[in-house]
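One structure is given here, and the rest of the page talks about it.
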Ligand SMILES: Cc1cc2nc3c(=O)[nH]c(=O)nc-3n(C[C@H](O)[C@H](O)[C@H](O)COP(=O)(O)OP(=O)(O)OC[C@H]3O[C@@H](n4cnc5c(N)ncnc54)[C@H](O)[C@@H]3O)c2cc1C
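Numbering (this note's numbering), first residue to last: 2 to 373.
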């Protein structure tokens, strides 16, 4: 069976790798460079806490693949099991944390509840005015610059054809399968996998499938390096006015995000830009999480274009109109963690026609009633 994977972000390259590992012939077509879309802009959080509960089986599967990433990809993609600390600053945050901990248990996610004595002893300097926290010891982070090229290179070693920097024209169904016309020639295959990120709804629309999606860009920044002291990724349970998240990389820099509204992005050309005017507000919101931020210089800010589906959930699974077409797009703030699992699961679905991952909530035709 031949598969064209359209879009070479984390979802597309991971799918290409797992499809090739199952012995399928794969051509991945990426109009820019692999990994240059939302994925490279990611904060790099590999977090399961706070996630939509029916997504947890896929998140667990993905985490187990992140653990093996260095072995299967043949390079260190800086996956580190540092844990995910999520601070609580008031009664609303406390209530959401406790109800999530209770609800997530049956889905196989165990979070520890810490009191402030634990937080101070284990994570000095972090959240001095917090009243508690959750800790997810098996979560962590990875390097968004490394993971996608690593999946693409590993897929290529297994025989996948990786076509980059190409203008993509018509994408259509033919009598024998699918055809993608491009500035580097036409590609045809039995199966088409749409992993075009924020642009995925444009591809779906060509096959009569409407998905309400909006593109926007979360704002990120990084500081000068400081002595490496803070291991976990740190965030906050919402509801009490404190927002944002940060992590310290081994080189010492503090990467941060959240706390300000996302900037609007036009899908063409799809370049998301950070707004420097929002930086001071963002840092002020982050100070309760890490007061030391008041004294450091920010050396770079950035953003990335991601697609927010109206109900906040991605599209994953077969097309509802076109046999042989599959979709995995519309991942917003949760997609970096899910990427390896999505690639593995989509490859399983395409190669075998089934998967144990519950996909009902992510089906593409869930919006049909709204649209008709
Ligand atoms: C600033 C920021 C921070 C984030 N932080 C986190 C985080 O900490 N944790 C987390 O889990 N998630 C995070 N995310 C979300 C995560 O990065 C994304 O959900 C994930 O990377 C999406 O991957 P993707 O492959 O679907 O999309 P993309 O990486 O955008 O890839 C889609 C690709 O398709 C290509 N394409 C589009 N149209 C076509 C076409 N017609 N033909 C060929 N190619 C096409 C694009 O060029 C692009 O390269 C963050 C996102 C952003 C923007």
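Just so you know, even glycine gets a beta-carbon here, dropped at the ideal spot from N, CA and C.
Everything numeric in this text was worked out from a predicted model, so none of it was measured.
What are the start and end residues of the alpha helix (DSSP H) that includes residue i?
i           : result
residue 63  : 57-74
residue 283 : 280-287
residue 343 : 336-353
residue 101 : 92-105
residue 145 : 145-158
residue 14  : 11-22
residue 198 : That residue, residue 198, is in no alpha helix (DSSP H); it is neither H nor E in DSSP.
residue 122 : 117-123
Express the C-alpha separation of residue j and residue i in angstroms, rounding to a whole number.
i           : j           : result
residue 249 : residue 323 : 45 Å
residue 106 : residue 261 : 31 Å
residue 172 : residue 95  : 49 Å
residue 114 : residue 138 : 11 Å
residue 264 : residue 283 : 13 Å
residue 230 : residue 108 : 32 Å
residue 303 : residue 266 : 13 Å
residue 56  : residue 49  : 9 Å
residue 288 : residue 123 : 19 Å
residue 27  : residue 366 : 26 Å
residue 45  : residue 142 : 5 Å
residue 233 : residue 82  : 8 Å
residue 157 : residue 163 : 7 Å
residue 273 : residue 218 : 6 Å
residue 64  : residue 174 : 35 Å
Confirm the yes/no value for this check: CB of residue i, any heavy atom of ligand 1, distance under 7 Å.
i           : result
residue 245 : no
residue 354 : no
residue 37  : yes
residue 194 : no
residue 302 : no
residue 338 : yes
residue 381 : No answer is possible for residue 381: the residues shown for the chain start at 2 and end at 373.
residue 30  : yes
residue 307 : yes
residue 13  : yes
residue 187 : no
residue 221 : yes
residue 42  : yes
residue 236 : no
residue 375 : An answer regarding residue 375 cannot be provided, because it is not within the stretch 2 to 373 covered by the chain.
residue 256 : no
residue 335 : yes
How is the beta strand (DSSP E) around residue i delimited, first residue to last?
i           : result
residue 26  : 26-30
residue 224 : 220-224
residue 329 : 326-330
residue 53  : Unbroken run through residue 53: none, as it is neither H nor E.
residue 49  : Segment: none, residue 49 is in no beta strand (DSSP E) and carries neither H nor E.
residue 317 : 316-319
residue 249 : 246-249
residue 40  : Premise fails: residue 40 lies in the alpha helix (DSSP H), 39-42, not in any beta strand (DSSP E).
residue 301 : 299-304
residue 86  : 85-89
residue 257 : 255-258
Near residue i, which residues of its chain fall below 7 Å by C-beta distance, leaving aside the five closest residues on each side in sequence?
i           : result
residue 296 : none
residue 372 : Low per-residue confidence applies at residue 372: pLDDT is 48, beneath 50, and the placement is therefore not dependable, though the value from the model is reported in the following sentence. Cβ within range, chain order: 211.
Cutting at 8 Å between CB atoms, please list the residues of its own chain near residue i, excluding the five before and the five after it.
i           : result
residue 357 : 58
residue 71  : 77, 78, 80
residue 99  : 114
residue 226 : 252, 253, 254
residue 313 : 53, 333
residue 126 : 230, 231, 291, 292, 293
For residue i, which residues in the same chain have their Cβ closer than 6 Å to its Cβ, ignoring the five residues on either side in sequence?
i           : result
residue 353 : none
residue 88  : 128, 131, 134, 237
residue 169 : 32, 183
residue 91  : 241
residue 271 : 306
residue 2   : 25, 191
residue 202 : 212, 214
residue 193 : 5, 179, 326
residue 111 : none
residue 43  : 145, 337
residue 350 : 356
Given a cut-off of 8 Å on the beta-carbon distance, is the pair residue i and residue j in contact?
i           : j           : result
residue 195 : residue 328 : yes
residue 330 : residue 197 : yes
residue 140 : residue 73  : no
residue 299 : residue 245 : no
residue 317 : residue 360 : yes
residue 10  : residue 51  : no
residue 16  : residue 344 : yes
residue 275 : residue 220 : yes
residue 167 : residue 41  : no
Determine, using beta carbons only, whether residue i comes closer than 8 Å to chain D.
i           : result
residue 276 : In the structure shown, chain D does not exist; there is a single protein chain.
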